[in-house]
Structure formats: structure tokens, C-alpha cells
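Residue numbers (my numbering), protein chains in the order written: chain A, 13 to 448; chain B, 3 to 114.
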């Protein structure tokens, strides 16, 4: 039993690391003038959701209730929860609740007011994520999948680690926010190239590493199921890199590092619901198809004209939906390609994707519009053009020029709040002047 | 005195520096620059989206020389920077009124 607890706590820590990893993955993909805001949106999700989770999030998600739609208010402040098993589960599930809204931030690069984003995280995670997590992850009393379990899992939908609850959920909300906020100024006209691809690759690597906690940890025990999920996770991520790069080679003539990083994430997204239900070869097939599909899907935004800046829709919505629905064919427990096939599984998987996607899209759209019409969600034009980092955070991501390195070493006007100068020379009022 | 300014390919500027040192020039100023001429920019592809990058990275070299050396210095730079392909850059000469060596206050050709 203590081995299981150790693995779940370890997995919770692994999943926690995914959100800073995501911040790097997204941050490198933005232009240099918006890298800090992009990373701050992930760190804001860490801060806000952790506090909400302790206060009421866990309770309304997993609190005992007769409802199949949400939990209860029995565990406000984590009241009444004792023991290693439940507390490690509280920690593990918290990390899922953090990364899901953080995923959405990729759709709103460079143009969302930070306070608007923070309010969005509070409302979306409370009104959309917590209920959906109940639908998918609440197995009911004693894990018996009784009448008190979430309706999706109780109905027999297969979603091992959150293909619907995390990826379809975040991807659909991302589409809604991209529509609410509109396009970045200069979209399609200005080159909006990734400013730091090594950061993107580092972020993808951290996501991949953390994903072993996400998927294998979802076994909630150190057992064969966890090991199966682990192997399938690795197989699918790797195969998806190949799938994505083959598409690039054929279509564009060159395989790219951004394609490799994106392919890995696409494969990890697709295997998330499936990692305990498919064979290793099924994982390879799922991965290579997900990589190729998402490489094509990221072009949709150009055709339909929505600025999903960092392709949350193309990777998470498409990849998550594909992985979930593909289980209708590839699942060892009811998939159409195997003995014991059950056409109902394909239908249930599809309904779950549509239900979560629709609920999240509509909810995110309403929340986003409400924020935009009250406190304002979209940054003003001048601030966006000049750079969101400077205007929302009063910081710059990089200081790489000698001119601003501050090595003059002579007195000038001290920064506001700096300690009182001791040296009489500092009393000189003129900038840079030195009393002889 | 003349200011000789050259814009050359980044991977050729070390060749130019060596050639100028051999010629006897004791100092140059180098700036990383961006621009375009007939070479235009290039295309980069990110997640299948093609971006035209209008500006090509170049090195901008500046050296102030005696009037009589200017023609030779232009020749030395042009020869060392040449690859024969489009985008090799430009060299031009402009007049300079005065030069002061900051350390000593020397003026004119003594400051070179």
C-alpha cells in the first residue's frame, strides 16, 4: 500500500512539473516581446487553481454525492480527508486541474489582459473543469462506478488519464477564447515566428517526462497497469514525432525541430485516454496517426481564420478527440479491431468527446464574453503592439544589449525605492555627473 | 580622411578582417546588421506556415583611413568578401571631417 502511495505522490510531482514545462513550450513559441506573459499565464494557473482546490475545488469535484454531475460541499478546506490514499489522490488530481486551464493560454498569446486571464481561470476551472473532472474521474464510493460516479465513466466511456477531461476540454475552451479575443494585430501579415525553439524543445521534454506521472500515475497504484500505461506513453509519443515529421518532409521539404516537439506532444495527448486500453503496437499506430493528423490539423486556423496562436485546437482538441474516438477501434476491451468488439464503445467515446467539447466551448465562450464586457479581456492596441510583457508586467524577457546592461558604474538617478546613497558623490542631481 | 563602410556576409567578415590586418589597418568597428538587397529575404516554415523573412543578417564594417588608402582598402574588402553569389554586399566611401582619439585627444590622421 505504501508503494502505491509513493507512486501516486511521485506522479503528482511529475505532473506538477508539466505546467512549468508547458510554460517553456509555449513561451518559446511566442515572440520575444510576449514570452513572460505567456509563461505567467501558466504560473497564474498554478497559483490560482491550487488555492481553489484546497478551498472548494476538490470537494465539488470528488466530494461524496448522489449526483453524477458534480461532487458536494462536504470537504471544504479539505475538511475530513485523512489517510495516505485519499490525500495523495487529492494532490495528484490537483495537478490535472492546474495544467488543463494552463493549456488554454496558448490560444490567447500576446493579447489577453493578465487580470482577465486570472478571472477566466477562476471561473472556467470552477464552472467547467471541476464538473467535467467529476464526470470522467469520479469513480464513486469505493471506486464501484455506482450511481454516484461521474456519468461519463459510469456509462463505460474509456478515458484513462483525461483525453476528454483535460485535452478536449482545454482545446474546446481554447477555440472559444480565440474567437472571443479575436486575432492578434498583424495576424497573417506579420511573421509571428517562435523566438526560442530550444525553449520549446526543453518544454516538450519536461512535458514528456511529466506525462509518465500523468498517464502511468493514473493507475493510482504501482502495478502492471501503470507499467503498461508507461510503455504505451513512450511508444505513442515517439511514433507521433515520426508521423509529424513525415508530413513535414513530404509537404514542406524539411523536418523541423518545432515539428518534433509538437509531434511528441500530439502523441502524448492522443495516448492519454488510451494508455491502459491499447496494446503496445496499438500505441505505435495511434501515435503515428495522431502525429500526422495534428500536423495537418494545425493548418485549420489559417483556413477558417481564427488565431489559435500556439495551436491548442490543432494539437489538444484534435489529438484528444482522436485518441478518445480511436479507442472505439483500438481498445483491447471492446475496440472494433479486436475480439469482443462492441460498436457501442465507439458511440460512447464519440458522445463523450462531443459532450465535453460542447460544454467547454459554450461555457468558455460565455465566460470569456462576460469578462470582456465587464472588466475587459483584450489588451489595448498600443500595449499589444509595444509588447504585453512591458505593459502588463513591466518587465522584459531578455536584456541582451550592452547599452542596457547597467555597467556604467557611476551615479545617476537611483531607481525608486533604492537604498539611500551613502557616498557624497551620489548627491549630484545631474544624470551621470561626478563631483570632482 | 575617408570612412569606408562595408556590408558583408556574416561568414565572410573574418576573411575581411584578416585581409585588412595584412594590409596594415589597425582597427575596425563591426556591427551586426540586417537588411536586404537583390538577395531579398528567405522563407522559414513553422508548423506548416510559411513566413517570408525580409531581412538577411549581415555584418557592417567601418574603418576610417587616409585619403590615399581608401581605394586600396575598398579593393581589399571587396576581394576578401566575395563569394560570387547574390548577397555578397556593398562597400562605399564617404568623406570624414575630423577624428579624435578619445584617450589622448590626438586629432586627424594621427588619431587613426
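Note that the Cβ used here is the ideal one computed from N, Cα and C, for glycine as well.
- At least one beta carbon of chain B lies nearer than 7 Å to the beta carbon of residue 270 of chain A.
- For the region 29 to 52 of chain B, the residues whose beta carbon sits under 7 Å from a beta carbon of chain A are, in order, 46, 47, 48, 49, 50, 51.
- Around residue 311 of chain A, the beta-carbon contacts reaching into chain B at under 9 Å are 49, 50, 51.
- Counting C-beta pairs with one atom in each stretch, the region 345 to 360 of chain A and the region 146 to 158 of chain A have fewer than three that are closer than 8 Å, which means they do not touch.
- Checking the DSSP bridge columns, you'll see residue 61 of chain B partnered with B/10, B/34.
- For residue 43 of chain A, the closest Cβ of chain B is not nearer than 7 Å.
- Taking 7 Å as the cut-off, the Cβ atoms of residue 235 of chain A and residue 283 of chain A do not count as close.
- Contacts between residue 55 of chain B and chain A, judged by CB atoms closer than 9 Å, involve 203, 205 in chain order.
- Residue 133 of chain A counts as buried, since no fewer than 16 other beta carbons sit within 10 angstroms of its beta carbon.
- The three-state reading of DSSP puts residue 428 of chain A in coil, since its state is none of H, G, I, E or B.
- In the DSSP assignment, the residues bridged to residue 124 of chain A are A/390.
- Close to residue 264 of chain A, with beta-carbon spacing below 7 Å, are these residues of chain B in chain order: 47, 50.
- Out of A/256, A/281, A/285, A/99, the CA that lies nearest to the CA of residue 272 of chain A is found in A/256.
- Within chain B, the residues placing a beta-carbon under 9 Å from that of residue 307 of chain A are 49, 50, ordered along the chain.
- Pairing residue 296 of chain A with residue 332 of chain A gives a Cβ-Cβ distance that is not under 7 Å.
- Neighbourhood of residue 323 of chain A in chain B, by CB distance below 8 Å: 49, in chain order.
- Taking one beta carbon from each stretch, the region 99 to 116 of chain A and the region 40 to 49 of chain A have fewer than 3 pairs nearer than 8 Å; the two do not touch.
- The DSSP-derived three-state label of residue 109 of chain B is strand.
- Rounded to whole angstroms, the Cβ separation of residue 169 of chain A and residue 364 of chain A is 4 Å, and the two are in contact under 8 Å.
- Residue 95 of chain B sits in a strand when the DSSP states are folded into three classes.
- For the region 273 to 285 of chain A, the beta-carbon criterion of a distance under 9 Å to any beta-carbon of chain B is satisfied by 274.
- A Cβ-Cβ separation of about 7 Å places residue 231 of chain A in contact with residue 288 of chain A under the 8 Å criterion.
- A direct Cα-to-Cα measurement between residue 212 of chain A and residue 198 of chain A gives close to 23 Å.
- Separation of residue 328 of chain A and residue 31 of chain B (C-alpha to C-alpha, rounded to the nearest whole angstrom) is 50 Å.
- The secondary-structure analysis by DSSP pairs residue 51 of chain B across a beta bridge with B/48.
- When rounded, the separation of the alpha-carbon atoms in residue 30 of chain A and residue 208 of chain A is 19 Å.
- Beta-bridge analysis with DSSP links residue 144 of chain A to no other residue.
- Counting only runs of 4 or more residues that sit fully inside the region 23 to 104 of chain A, the alpha helix (DSSP H) segments are 47 to 64, 70 to 74, in chain order.
- Counting the other CB atoms within 10 Å of its CB gives residue 106 of chain B a total below 16, which places it among the exposed residues.
- Against residue 314 of chain A, the close residues of chain B are 50, 51, in the order they occur along the chain (beta-carbon pairs closer than 9 Å).
- Residues of the same chain with their beta carbon placed closer than 7 Å to that of residue 392 of chain A are lacking, with the five preceding and five following residues left out of the count.
- The three-state secondary structure of residue 42 of chain B, taken from DSSP, is coil.
- One alpha carbon belongs to residue 88 of chain B, the other to residue 56 of chain B, and they sit about 15 Å apart.
- Scanning A/397, A/188, A/335 for the CA closest to the CA of residue 374 of chain A turns up A/188.
- Around residue 93 of chain B, the same chain offers 8, 76, 79, 80 as residues with beta carbons nearer than 6 Å, after the five sequence neighbours per side are excluded.
- If you look at residue 24 of chain B, you'll find it in the alpha helix (DSSP H) that goes 15 to 25.
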